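J.: In my numbering, the protein residues as written are 28 to 479.
For each residue, glycine too, the CB sits at the ideal point set by N, CA and C.
Bear in mind the structure is a predicted one, so any value in this text is a computation, not a measurement.
For reference, the structure I am asking about is given below.
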Ligand code: GLN
């Protein structure tokens, strides 16, 4: 059987012509897209398990690994007639905001090939931005769907924690990770979210809450809806001038659509990044303990077993992964556990409470997705702190477990996409879709395409 779907053929033609420039896809695999049934081409981030297909988290340590089973989201996609086009590049184990830590080399932003596409789901975002595929799956632990969506000029949603099964997602920080859609428009995001959402007995943190028909939220009327604007997300310093202007204009567009804007405060925002960089590496260091040369991927032989572990892990993990393992192990070690990890858990609760309090006076919260547009490849690579601050506006939603969407809302002076973020109450993805759709349908930003 050869699939004759026209969209599929156009995707294959573009991948063939453009992937070498962008480096968005890293594996095209055993199951040829032309041989698959279905009509909806989709790309999959390389940390989501697809049975018998290479799934490496862009890490040398998972070299050659082929999962013996499908992630729940993949099972659902296959049942619904999606065509799996291949695996997309990412930061190693999803540690990063730029896609520079991949063992396959950096992904390039389709809007400017000298720049990063954002990360860690940068391969998925770049593939959608360059029209190699209409949609993709990413994962978001601290912003990895929303930030690359913003920097690449596409739509990206992190669902509520528990909305989408994590079964088969290779774990980074299990209390923060969520799989979500990256698409070229809001309607596709609504459709894809509906397909991948729902309770799954194979993920103990999956929520047994009915999945609404998200496409019903694709309405243009948002009259009377209350949009909270947190002052902590619009600081005097640290927000790029073009981002600031685009957000100001976005507020006016929402006002023009008769939504009302209310000022709110999320007072513990300033602790979010520090809190995240205790909790996320702590969980990561424990999740990464399983890569020991015995069960998966790479193995560096040695006479003694402990030496084999050490040699394998030294050769297999990149620098950022090692940094996270060290940070996390330190934070969890005896004597420091109370001082760091427990304190961070308390701060996490305070951040969550900030949102619950704020949502008493608004339906959604509007913020920039990223403080700056895409930066140059190499610009922040040697400065981990600067890199970590790229996610200052996206991290709080992961800590609180609430949903967030990023949609295009403007361009910088040098033609780089800018995104706005809407955050919602738990399990109210519909409200985000409704506002995002109304904004999109009344603006032209999503229609502009990179010149490749
Ligand atoms: N950039 C953040 C980090 O490096 C978030 C990554 C993610 O969401 N996977 O941890």
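In whole angstroms, what is the alpha-carbon distance linking residue 34 and residue 339?
T.: Counting from one through the chain shown, the residue named residue 34 turns up at place 7. Counting from one through the chain shown, the residue named residue 339 turns up at place 312. If you take the alpha carbons of residue 34 and residue 339, they lie about 43 angstroms apart.
J.: Hey, residue 112 and residue 38 are a contact pair by Cβ (cut 8 angstroms); roughly how many whole angstroms apart?
T.: What you label residue 112 is simply residue 85 of the chain shown in a count that begins at 1. What you label residue 38 is simply residue 11 of the chain shown in a count that begins at 1. Going by Cβ atoms, the distance from residue 112 to residue 38 rounds to 6 angstroms, so yes, they are a contact pair.
J.: Which term fits residue 193, buried or exposed, when burial requires 16 or more other beta carbons within 10 angstroms of its beta carbon?
T.: Translated into positions along the chain shown, residue 193 becomes position 166. The residue in question, residue 193, is buried, as its Cβ has 16 or more Cβ neighbours within 10 Å.
J.: By how many angstroms is the C-alpha of residue 164 removed from the C-alpha of residue 310?
T.: Start at 1 with the first residue of the chain shown, and residue 310 comes out as number 283. Start at 1 with the first residue of the chain shown, and residue 164 comes out as number 137. Rounded to whole angstroms, residue 310 to residue 164 spans 22 angstroms at the Cα level.
J.: Do residue 242 and residue 312 have their C-beta atoms within less than 7 angstroms of each other?
T.: As a working note, residue 242 is residue 215 in the chain shown. As a working note, residue 312 is residue 285 in the chain shown. For residue 242 and residue 312, no; Cβs fall outside 7 angstroms.
J.: Which residues mark the beginning and the end of the alpha helix (DSSP H) in which residue 468 is found?
T.: Here residue 468 corresponds to residue number 441 of the chain shown, with the count starting at 1. Residues 456-468.
J.: Short check: CB of residue 134 to CB of residue 123, under 7 angstroms?
T.: If you number the chain shown from 1, residue 134 lands on position 107. If you number the chain shown from 1, residue 123 lands on position 96. Cβ distance not < 7 angstroms, so residue 134 and residue 123 don't count as in contact.
J.: At which residues does the beta strand (DSSP E) containing residue 290 begin and terminate?
T.: As a first step, residue 290 is located in the chain shown; it is residue number 263 there, counting from the start. Its beta strand (DSSP E) spans residues 287-291.
J.: For a test of your reading of the model: does the CB of residue 99 fall under 6 angstroms from any non-hydrogen atom of the ligand GLN? Yes or no.
T.: By 1-based counting over the chain shown, the position of residue 99 is 72. No, the Cβ of residue 99 stays beyond 6 angstroms of every heavy atom of the ligand GLN.
J.: Taking the straight line between their C-alpha atoms, what separation do you get for residue 457 and residue 221?
T.: Against the chain shown, residue 457 aligns to sequence position 430. Against the chain shown, residue 221 aligns to sequence position 194. Cα-Cα distance, rounded: 10 angstroms.
J.: From 234, 263 and 288, pick the residue whose C-alpha is nearest to that of residue 249; which is it?
T.: For the purposes of this step, residue 249 is taken as residue 222 along the chain shown, with counting starting at 1. The shortest Cα separation from residue 249 among 234, 263 and 288 belongs to 288.
J.: Report back the beta-carbon spacing between residue 400 and residue 266 to the nearest angstrom; my notes put them in contact at under 8 angstroms.
T.: Position 373 of the chain shown, counted from the first residue, corresponds to residue 400. Position 239 of the chain shown, counted from the first residue, corresponds to residue 266. Rounded, the Cβ-Cβ distance is 11 angstroms, inconsistent with contact.
J.: On the DSSP letters alone, give me the boundaries of the alpha helix (DSSP H) that residue 341 sits inside.
T.: Mapped onto the chain shown, residue 341 falls at position 314. Looking at the DSSP string, the run of the alpha helix (DSSP H) that includes residue 341 is 332-343.
J.: If the criterion is Cβ atoms closer than 7 angstroms, does the pair residue 85 and residue 284 meet it?
T.: On the chain shown, position 58 is the one that residue 85 refers to. On the chain shown, position 257 is the one that residue 284 refers to. No, these two residues do not count as a Cβ contact at 7 angstroms.
J.: So, do the region 384-391 and the region 142-161 have three or more beta carbon pairs nearer to each other than 8 angstroms?
T.: No, they do not touch.
J.: Excluding the five sequence neighbours on either side, which residues of its own chain have a C-beta within less than 7 angstroms of the C-beta of residue 229, listed in chain order?
T.: Position 202 of the chain shown holds residue 229. Around residue 229: 99, 192 and 194.
J.: Restricting to Cα atoms, I'd like to know which of 87, 208 and 96 is closest to residue 69.
T.: Start at 1 with the first residue of the chain shown, and residue 69 comes out as number 42. Out of 87, 208 and 96, 208 has the C-alpha closest to the C-alpha of residue 69.
J.: Quick one: grab the DSSP three-state call for residue 437.
T.: Taking the first residue of the chain shown as 1, we reach residue 437 at position 410. Looking at residue 437 - three-state DSSP - the assignment turns out to be strand.
J.: Would you check if the distance between the CB atom of residue 440 and the CB atom of residue 88 is smaller than 7 angstroms?
T.: For the purposes of this step, residue 440 is identified with residue 413 of the chain shown, where counting begins at 1. For the purposes of this step, residue 88 is identified with residue 61 of the chain shown, where counting begins at 1. The answer is no: Cβ separation not under 7 angstroms.
J.: Excluding the 5 residues preceding and the 5 following residue 470 in the sequence, name in chain order all residues of the same chain whose CB lies nearer than 7 angstroms to its CB.
T.: By one-based count along the chain shown, residue 470 stands at place 443. Around residue 470: 280.
J.: Closer than 6 angstroms: is that where the CB of residue 122 sits relative to any heavy atom of the ligand GLN?
T.: Locating residue 122 in the chain shown gives position 95, where the first residue counts as 1. Yes; taking the cut-off as 6 angstroms, the Cβ of residue 122 has a heavy atom of the ligand GLN nearer than that.
J.: Considering only the beta carbon of each residue, do residue 437 and residue 273 sit closer than 7 angstroms?
T.: Your numbering for residue 437 matches position 410 in the chain shown. Your numbering for residue 273 matches position 246 in the chain shown. Cβ atoms of residue 437 and residue 273: closer than 7 angstroms.
J.: Taking 6 angstroms as the cut-off, is the CB of residue 418 close to at least one heavy atom of the ligand GLN?
T.: The sequence position of residue 418 within the chain shown is 391, counting from 1. Yes; taking the cut-off as 6 angstroms, the Cβ of residue 418 has a heavy atom of the ligand GLN nearer than that.
J.: Would you call the region 403-422 and the region 287-305 in contact, with 3 or more CB pairs under 8 angstroms?
T.: Touching, yes, given that three or more Cβ pairs across the two stretches are closer than 8 angstroms.
J.: Taking 6 angstroms as the line, does the beta carbon of residue 169 fall inside it for any heavy atom of the ligand GLN?
T.: Counted from its first residue, the chain shown places residue 169 at position 142. The answer is yes for residue 169.
J.: Return the CA-CA distance between residue 257 and residue 295, expressed in angstroms with no decimal places.
T.: Within the chain shown, the letter at position 230 stands for residue 257. Within the chain shown, the letter at position 268 stands for residue 295. Straight-line Cα distance between these residues: approximately 11 angstroms.
J.: Using the C-alpha atoms, what's the distance from residue 223 back to residue 255?
T.: In the chain shown, the residue the question calls residue 255 occupies position 228. In the chain shown, the residue the question calls residue 223 occupies position 196. The straight-line gap from Cα to Cα measures roughly 29 angstroms.
J.: For residue 206, which beta-bridge partners are listed by DSSP?
T.: Taking the chain shown and counting its residues from 1, one reaches residue 206 at position 179. BP columns for residue 206 point to 166.
J.: Excluding the 5 residues preceding and the 5 following residue 226 in the sequence, name in chain order all residues of the same chain whose CB lies nearer than 6 angstroms to its CB.
T.: Residue mapping note: residue 226 aligns to position 199 of the chain shown, counting from 1. Counting only Cβ-Cβ distances below 6 angstroms, and skipping sequence neighbours, we find 233 and 235.
J.: Can you list, in chain order, the residues of its chain whose CB lies under 6 angstroms from that of residue 433, leaving out five sequence neighbours each side?
T.: Here residue 433 is taken as the residue at index 406 of the chain shown, counted from 1. Closer than 6 angstroms at the Cβ level, and outside the excluded window around residue 433, lie 173, 176, 177, 183, 396, 446 and 448.
J.: Which runs of the beta strand (DSSP E) spanning at least 3 residues fall entirely within the region 58-103, listed in chain order?
T.: Listed in chain order, they are 67-72.
J.: Counting only runs that start and end within the region 352-422, where is the beta strand (DSSP E) found for 3 or more residues in a row?
T.: Segments of the beta strand (DSSP E) lying fully in the region 352-422: 391-395.
J.: Given a threshold of 16 other Cβ atoms within 10 Å of its Cβ, counted over all protein chains shown, does residue 442 qualify as buried or as exposed?
T.: Residue numbering aside, residue 442 sits at position 415 when the chain shown is read from its first letter. Answer is exposed; the Cβ neighbour count stays below 16.
J.: With a CB to CB cut of under 7 angstroms and the five nearest residues on each side skipped, what residues in its chain are close to residue 263?
T.: Position 236 of the chain shown, counted from the start, is the residue given in the question as residue 263. Result list for residue 263: empty, nothing under 7 angstroms.
J.: Pick helix, strand or coil for residue 261, following the three-state DSSP scheme.
T.: As a working note, residue 261 is residue 234 in the chain shown. Coil at residue 261, not helix or strand.
J.: Can you tell me whether residue 40 is buried or exposed? The criterion is at least 16 other CB atoms within 10 Å of its CB, across all chains shown.
T.: Within the chain shown, the letter at position 13 stands for residue 40. That one is exposed.
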